[in-house]
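*Asks:* Take a look at this one; I'll ask things after.
Protein chains: 2
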Amino acid sequence: MNPYEIIKAKRDGQELDGDAIRRFVQGFTRGEIPDYQAAAWLMAVYFRGMTDRETTDLTLAMVDSGATLDLTGIGGPVVDKHSTGGVGDKTTLVLGPLVAACGLKLLKLSGRGLGHTGGTLDKLEAIPGFRTALDREALVAVVNRAGMAVAGQTADLVPADGKLYALRDVTATVDSVPLIASSIMSKKLAAGAPSIVLDVKTGSGAFVPDLEGARNLARAMVAIGRRAGRRVEAVISDMDQPLGLAAGNALEVAEAIACLAGQGPEDLQELCLTLGSRLMVLAGAAPTHTEARGRLEEAVRSGRALQAFRTFVEAQGGDPRAVDDPARLPRAPIRLAVPAPAGGTVHRLDALAVGQACVVLGAGRRKKGDPVDLAVGVVLHKKVGDPVRPGEPLATVHASHHERAEQAAARVAGAYRLAAGRAPRRPLIHDIVSDG
Amino acid sequence: MNPYEIIKAKRDGQELDGDAIRRFVQGFTRGEIPDYQAAAWLMAVYFRGMTDRETTDLTLAMVDSGATLDLTGIGGPVVDKHSTGGVGDKTTLVLGPLVAACGLKLLKLSGRGLGHTGGTLDKLEAIPGFRTALDREALVAVVNRAGMAVAGQTADLVPADGKLYALRDVTATVDSVPLIASSIMSKKLAAGAPSIVLDVKTGSGAFVPDLEGARNLARAMVAIGRRAGRRVEAVISDMDQPLGLAAGNALEVAEAIACLAGQGPEDLQELCLTLGSRLMVLAGAAPTHTEARGRLEEAVRSGRALQAFRTFVEAQGGDPRAVDDPARLPRAPIRLAVPAPAGGTVHRLDALAVGQACVVLGAGRRKKGDPVDLAVGVVLHKKVGDPVRPGEPLATVHASHHERAEQAAARVAGAYRLAAGRAPRRPLIHDIVSDG
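If you read the protein sequences in the order shown, they are chains A and B. Throughout the first sequence, residue numbering follows my numbering, covering 631 to 1066 in sequence. Throughout the second sequence, residue numbering follows my numbering, covering 631 to 1066 in sequence.
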């Protein structure tokens, strides 16, 4: 089939064979198939969808477009984790040291924040001296020494994804389950870990707000992993309100450290224990989730989890003293309380609005390449279900400019819905998808 | 709305306002909106369709992309006609002189043949000396003198259509009713005639083979015309078998001349009288279709129709002697009969296969720009419903090469289905659409 026939077949709802998909991806990546044919094909995929087989072939073709990581130098079971992104999502900073303290090797290629969702690289860079640009040898050396390593994506991995994503971004073809799933999974497959846990967020602050959409995405990604010979599970977790209490880069690092010391917010701790126990069993390091969870909890109690974080920070050039003295992290000069306009119970706390307040403050990016203010953000004092007295602070805005502080505080105030009676409860873990 | 938002709105099934459509067409035509965004939008239109209002706005935006014809110098009611194309469709060559003889002014910009469908310009160029490249003044002068003029499309009319069509052609977005309807109607509106009859073909040799599809296309085009302030009707005519008996450029000219002399095949004559009587009433030149038809028949009987054709040919530089002596038209050196393999009745005669035989002979083009052999083609001796004796010639192939003659004869033989009993009858006129 030539490119025209491949577009037409997808347009007409036919299942494309692996050869057609490979040649389309290859031709597009090499510049032999023009953008306009790829754009028409992407829109046809948007409308027609893809079978699991097609999505896997697409993912593998994208992986084949570039280099893959060689993990043979790593001693121990290599694992990976991906989150679809949210507000206050500092999970990697807690999960990594937790599983590293239990013998796993977490090697993660991360991204930067965009829009209302934060990025792990930005958060880590709030630690003085921390370097996220590591070459392959350095990555392997850090993983072997610290049990975990986090670095930025390199351009030679999955070049097809960068090119396809740029085109999707300007042709309204981003919101497609097979295209999202193949984009995420191509990077996970290229990074090489045999065991992968996916944190698929659902709720107002998530990339896929509705539960059904999140389930479809989770199912598609797990199916790709299984067909590609990896052990993959997806945890569908709530992102209708922010995760934990802190949103903003340095503020989230401080909260992650507290969590590793056993003093973190309950939802963050629970999610990290869930993700960690799934990874332990996937990697064959524990026989049951209960036993895995027990070991992870012991790593916190014993201080080994926090020590793993110190080792990791130091191995990537960061100042380990910041781990024990959060005053060494960037701090914003302005603190502005957001008082409750009335009493009641928090019935809703809109993650998207809190994320947008962070963008106003400069903690996030409006567009790629924007600078980020590492110090600023929002610390929540009340979450869904909490009782509130009139005038009591709902949250504190950490800002560098007075005007932005006021704007952000107004957004945060608008994020809360207070009412009488019991608040509707959303579970933290909506579902766990083990089989695509 | 920016281009991204316009793509997304159409993708999501929203109705686009006129301003958005205008800016998209204008931006694309000027090269400000890149091909890949236009391609994604076209595929979204393919899946979502367009309302009559949107299709009309698209058509008018395309018209606005270029020049339009100024008809003020023409004395008399100007009319136009369009056929969606078929095999043996020499309708314009008969209809034009018919209505010209009754006082109408047919000004038609025509195209060339492509694939199995013929083109009016190619057919007219079979007449020695005939010129189809006329500038605006010449066009008006010919119409005023002969009552009709036929010329090639000029590049300054509807440039958006050329650019959009080229993109649709390589992105599998040709087969979309609003895109087909706007492409055809933009050229009709730019050519300026207030009264237009559309001949929408249906059957195996038609661009839209199924009757329901043809009806949708007819309805969409009539709606555009009405909303744009023109008087438009569409006749849905059969193209499951070829129209008339001759297919091939010079052969069709000869058949058109016979028809104007009252000796043409019944289906061709009937279709031209139908189209002509609709045009007469649309243009206000006759009060009823019955009266119009009577006048058109009288134009044939009196010889005025044939005389109008002579005047037209001469006005465009052609040799009028060819009208009375078809031996002056190009003639193919080889004639090969296609004998009936058995006796029976013709149950089917596949127009597409006959058109493909013409392409094999060189009468049509495989791709744009291919040369055309004006002399070659196929003359049918039997059509659906005709009884056939074993060995009796079904058709005669007129060829320039022996090998091609054999190949074409095999295709023509394959186009016939002979069987016992009465043949299933398809009407010549399936429907007339007067109101979109």
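C-beta: ideal position from N, C-alpha, C; glycine also. Remember, predicted model here, so these are calculated numbers, not experimental data.
1) May I ask you to report which of helix, strand or coil DSSP gives B:HIS1011?
2) By DSSP, does A:MET778 sit in helix, in strand, or in coil?
3) What distance in whole Å lies between the Cβ atoms of A:LYS738 and A:ILE704, which are believed to be in contact at a cut-off of 8 Å?
4) Could you tell me which of A:PRO707, A:GLY657, A:ALA993, A:HIS977 sits nearest to A:ALA915, measuring between CA atoms?
5) Please tell me whether B:VAL800 has its Cβ less than 8 Å away from any Cβ of chain A.
6) From the DSSP secondary-structure annotation, give me the bridge partner or partners of B:PRO969.
7) Rounding to the nearest angstrom, what Cα-Cα distance links A:PHE837 and A:ALA983 in this structure?
8) For A:GLY782, tell me which candidate among A:LEU754, A:LEU809, A:GLY833 has the shortest Cα-Cα distance.
9) Under three-state DSSP, which class holds B:SER867?
10) Grouping DSSP H, G and I as helix and E and B as strand, with all else coil, what is B:LYS578?
11) Determine the contact status of A:LEU751 and A:ARG742, defining contact as a CB-CB distance below 8 Å.
12) Quick one: what does DSSP say B:PRO602 is sitting in, helix, strand or coil?
13) Can you find a C-beta in chain B that's less than 8 Å from the C-beta of A:TYR803?
14) Could one say the Cβ of A:MET673 lies closer than 8 Å to chain B's Cβ atoms, at least one of them?
15) I'd like to know whether the C-beta atoms of A:ALA848 and A:VAL1042 end up nearer to each other than 8 Å.
16) Mind listing the chain B neighbours of A:LEU797? Cutoff is C-beta to C-beta under 8 Å, in chain order.
17) Pull up the distance between the alpha-carbon of B:THR698 and that of A:GLY994, whole angstroms please.
18) Just to confirm before moving on: does the CB-CB distance between A:ALA961 and A:ALA952 stay below 8 Å?
19) Could you confirm whether any beta carbon from chain B is found closer than 8 Å to the beta carbon of A:PHE677?
20) Ordered along the chain, which non-local residues of its own chain (more than five positions away) have a Cβ less than 8 Å from that of B:ALA876?
21) Got a sec, what are the start and stop residues for the beta strand (DSSP E) B:ARG1056 sits in?
22) Tell whether a beta-carbon distance below 8 Å holds between B:GLU1022 and B:ALA970.
23) Let me confirm a value: A:ASN846 is counted as buried when at least 16 other C-beta atoms fall within 10 Å, else exposed. Which label applies?
24) Taking A:GLY947 and A:GLY759 to be in contact with their CB atoms under 8 Å, please state how far apart those CB atoms are, rounded to whole angstroms.
25) How close, in whole Å, do the beta carbons of B:THR681 and B:GLU635 come, if the pair is a contact with beta carbons under 8 Å?
26) Please confirm whether A:ILE651 has its beta-carbon closer than 8 Å to some beta-carbon of chain B.
27) Helix or strand or just coil, what does DSSP make of B:ALA858?
28) Leaving aside the five residues before and after B:SER816 along the sequence, list all residues of the same chain whose C-beta is less than 6 Å from its C-beta, in chain order.
29) Taking one C-beta from the stretch 770 to 780 of chain B and one from the stretch 929 to 949 of chain B each time, how about it: are there three or more such pairs within less than 8 Å?
30) With the cut-off set at 8 Å, would you say A:ALA674 and B:MET673 are in Cβ contact?
31) Using a Cβ-Cβ distance under 8 Å, would B:ILE810 count as near chain A?
32) Would B:LYS997 pass as an interface residue toward chain A - the criterion being a Cβ-Cβ separation below 8 Å?
33) Could you check what DSSP says for A:VAL830 in three-state terms: helix, strand or coil?
34) So what's A:ALA697 in DSSP terms, helix, strand or just coil?
35) Within its chain, find whatever has a CB closer than 7 Å to the CB of A:ILE637; leave out the 5 residues flanking it on each side and keep chain order.
36) Between the stretch 822 to 832 of chain A and the stretch 796 to 808 of chain A, can you find at least three pairs of beta-carbon atoms closer than 8 Å?
*Replies:* The structure says:
1) B:HIS1011 carries a coil assignment under DSSP once its states are collapsed to helix, strand and coil.
2) The three-state secondary structure of A:MET778, taken from DSSP, is strand.
3) Incorrect: roughly 13 Å between the Cβ atoms, too far for contact.
4) Nearest neighbour of A:ALA915 by Cα position, chosen from A:PRO707, A:GLY657, A:ALA993, A:HIS977, turns out to be A:PRO707.
5) At least one CB atom of chain A sits nearer than 8 Å to the CB of B:VAL800.
6) Answer by DSSP bridge pairing, in chain order: B:PRO1023.
7) Each residue's alpha carbon lies about 14 Å from the other.
8) Among A:LEU754, A:LEU809, A:GLY833, the Cα nearest to that of A:GLY782 is on A:LEU754.
9) Reduced to three states, the DSSP call for B:SER867 is strand.
10) Because chain B spans 631 through 1066 in this model, residue 578 of chain B falls outside it and cannot be assessed.
11) Taking 8 Å as the cut-off, the beta carbon of A:LEU751 is found closer than this to the beta carbon of A:ARG742.
12) The requested residue 602 of chain B is not part of the displayed model; chain B covers only 631 to 1066.
13) Just to set this straight, residue 803 of chain A is Thr in the shown sequence, not Tyr. Yes, because at least one Cβ of chain B sits closer than 8 Å to the Cβ of A:THR803.
14) Taking Cβ atoms only, chain B reaches closer than 8 Å to A:MET673, which makes this a yes.
15) A:ALA848 places its beta carbon 8 Å or farther from that of A:VAL1042.
16) Among the residues of chain B, those whose CB is under 8 Å from the CB of A:LEU797 are TYR666, following chain order.
17) Between the alpha carbons of B:THR698 and A:GLY994 lies a gap of roughly 52 Å.
18) According to the sequence displayed, residue 961 of chain A carries Arg and not Ala. The Cβ atoms of A:ARG961 and A:ALA952 lie no closer than 8 Å to each other.
19) Interface annotation, A:PHE677: in contact with chain B, CB-CB separation under 8 Å.
20) For B:ALA876, where only same-chain residues beyond five positions count, the Cβ hits under 8 Å are GLY718, LYS720, GLU882, ALA884, GLU885, GLY1007, VAL1008, VAL1009, LEU1010.
21) Run containing B:ARG1056: none; DSSP gives neither H nor E here.
22) Yes; because the gap between Cβ atoms is below 8 Å, this pair is in contact.
23) It is buried - the Cβ of A:ASN846 has at least 16 other Cβ atoms within 10 Å.
24) 5 Å between Cβ atoms; contact.
25) About 18 Å separates the two Cβ atoms, so there is no contact after all.
26) Output row for A:ILE651: interface = no.
27) If DSSP states are grouped into helix, strand and coil, B:ALA858 belongs with coil.
28) Once the five neighbours on either side are set aside, the close Cβ partners of B:SER816 are THR689, MET692, VAL693, VAL788, ASP791.
29) Under the Cβ criterion (8 Å, minimum of three pairs), the stretch 770 to 780 of chain B counts as touching the stretch 929 to 949 of chain B.
30) Contact flag set, yes.
31) Output row for B:ILE810: interface = no.
32) With a threshold of 8 Å between beta carbons, B:LYS997 makes no contact with chain A.
33) Of the three classes helix, strand and coil, the one that applies to A:VAL830 here is strand, per DSSP.
34) A:ALA697: strand per DSSP, three-state reduction.
35) Contacts found: GLN667, ALA670, TRP671, ALA674.
36) Verdict: no, contact absent.
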